[in-house]
Amino acid sequence: MNPVPREAMREIAAVNIVGPISVTEAFLPLLRKAPAPRLLFVSSSAGSITHASDPTSKYHAASANEYRTSKAALNMLMVQYWVKLGKEGFKVFGADPGLIATNFGWGKPEVLRERGGMEPEVGGERIATVVRGDRDEDVGKVCGVYGVSPW
Ligand SMILES: NC(=O)c1ccc[n+]([C@@H]2O[C@H](COP(=O)([O-])OP(=O)(O)OC[C@H]3O[C@@H](n4cnc5c(N)ncnc54)[C@H](OP(=O)(O)O)[C@@H]3O)[C@@H](O)[C@H]2O)c1
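Counted from 1, the sequence shown has number 97 at position 97 by the numbering used here; the numbering is strictly sequential.
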């Protein structure tokens, strides 16, 4: 765990919570002109409180505290936008790309690859299914690789 969790929390919240709010608000005027607007927040099953509190879940681990907290908060943000903008015809989703060998975490894709991470284009395609509308029945939820990620 990070030796200075308060500072780590500030930094991660700025990127993972304040960042998505900023981008969303900046694009809303343009999106409102679209015939079928959709918003997609890239989340993670690591942000699932159900998984975190389940001793049988692979996500049950006291690690990445700040990151996981930020993704749980992002899920709430997504739902709040869905409740608000759904009335205007927006479709709003969370999407979890699954474990992907990117610079995520260590800046070393090989570390994630060794842990079973898929190549970036696999994660991209998983997100693209939500963009294309293949997961529209899961609107207002976090679309995971294995189905809907629990809250
Ligand atoms: N990889 C996984 O296994 C995995 C699993 C679940 C969810 N996700 C989610 O997928 C999303 C993409 O992550 P990734 O795996 O592609 O990780 P990544 O390779 O580390 O990419 C992160 C991206 O965020 C940008 N970024 C980081 N801090 C920033 C800041 N302060 N301001 C502006 N941009 C910033 C980086 O920009 P630079 O390139 O300029 O640094 C980079 O483009 C994240 O939301 C992550 O939580 C990833």
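Yeah, the Cβ is synthetic: ideal placement off N, Cα and C, and Gly gets one too. Note that the coordinates shown come from a computational prediction; the quantities given were computed from them, not determined experimentally.
Do D138 and V148 come within 8 Å of each other at the CB atom, strictly closer than that value? Stepping through the sequence shown from its first residue, residue 148 is reached at position 148. Stepping through the sequence shown from its first residue, residue 138 is reached at position 138. In this structure, D138 lies closer than 8 Å to V148 by Cβ.
Euclidean distance between Cα positions of V83 and T102: Start at 1 with the first residue of the sequence shown, and residue 83 comes out as number 83. Start at 1 with the first residue of the sequence shown, and residue 102 comes out as number 102. Each residue's alpha carbon lies about 32 Å from the other.
Can you tell me whether A95 is buried or exposed, with buried defined as 16 or more other CB within 10 angstroms of its CB? As a position in the sequence shown, residue 95 is number 95, starting the count at 1. When all chains shown are included, A95 counts as buried.
For F41, the first and last residue of its enclosing beta strand (DSSP E): Numbered from 1 along the sequence shown, position 41 holds the residue referred to as residue 41. Here the beta strand (DSSP E) through F41 covers 38-42.
Runs of alpha helix (DSSP H) wholly within the region 53-102 (minimum 4 residues, chain order): 65-85
Run through DSSP, which three-state label would V23 get? Taking the first residue of the sequence shown as position 1, residue 23 is located at position 23. If DSSP states are grouped into helix, strand and coil, V23 belongs with the helices.
Run through DSSP, which three-state label would S48 get? One-based indexing of the sequence shown puts residue 48 at position 48. Here S48 sits in coil by DSSP.
Would you kindly work out how many angstroms separate the C-alpha atoms of R32 and I100, rounded to a whole number? Taking the sequence shown and counting its residues from 1, one reaches residue 32 at position 32. Taking the sequence shown and counting its residues from 1, one reaches residue 100 at position 100. Going by the C-alpha atoms only, they are around 32 Å apart.
Could you tell me if M78 is buried or exposed, where buried requires 16 or more neighbouring beta carbons within 10 angstroms of its beta carbon? The residue given as residue 78 occupies position 78 in the sequence shown. Classification of M78: buried, given that the 10 Å Cβ count is 16 or more.
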